[in-house]
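Single-structure report; data block below.
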C-alpha cells in the first residue's frame, strides 16, 4: 500500500487513528461532513493554486537560483486577495471554514500560508479581521508550533 498526496495521507491517518489527536478534524455527522467537504474544496481550489504558485515563484525558484516571475506573482496575489476577501465574509459568520470547530480543511492552509508569511506576505492574512483571527488561531496551535520549531 503506497499513498501519496498530503490531503489523502492526512485523511487516511485521521480515519486510521480516530482516537488520537484533535477530534473531529473530519466530522462524522452527515451535515457537518458536507460542510467540511465544502471547506476542503475551498482550500484545494481557491487557496492552494494561488498560494502554491506564489510560493513557487518567491520561495522555491530562488532556492534553485532561478528568477522570479513577478508578473505571475502579481496575478496570483490578486486572485488570492479576492479569495481571502470571500474567506473574511465566511469567517465573519463562523469561527472556522466549516463551522465553529477546526477541521482538516482549516489546517491544510498552514503549509503554504506559513511559506507566504515567511516570504513577506503576512499582510494577506492580517489586513482582514476575520481571516486574521482565524489565521492567528491556526498558527498558534501548539501542534503547529511544534512543527515550525522542528523545521528550524
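In full-length UniProt numbering, the protein residues as written are 1 to 152. The beta-carbon is built from N, C-alpha and C at its ideal position, and this holds for glycine as well.
- In this structure, 81 is the residue among 81, 71, 99 with its C-alpha nearest to the C-alpha of residue 113.
- About 5 Å separates the CB atoms of residue 97 and residue 105; that is less than 8 Å, so the two are in contact.
- Where residue 107 is concerned, the enclosing alpha helix (DSSP H) starts and stops at 104-107.
- Just so you know, the alpha carbons of residue 60 and residue 76 end up roughly 16 Å apart.
- Between the C-alpha atoms of residue 48 and residue 8 there is a straight-line separation of about 15 Å.
- Residue state for residue 120 is assigned as helix, using DSSP reduced to three classes.
- One Cα belongs to residue 79, the other to residue 3, and the distance between them is close to 31 Å.
- Counting C-beta atoms within 10 angstroms of its own C-beta, residue 43 has 16 or more neighbours from the protein chains shown and is therefore classed as buried.
- By the Cβ-count criterion, residue 12 is exposed, with fewer than 16 other Cβ atoms from all chains shown falling within 10 Å of its own Cβ.
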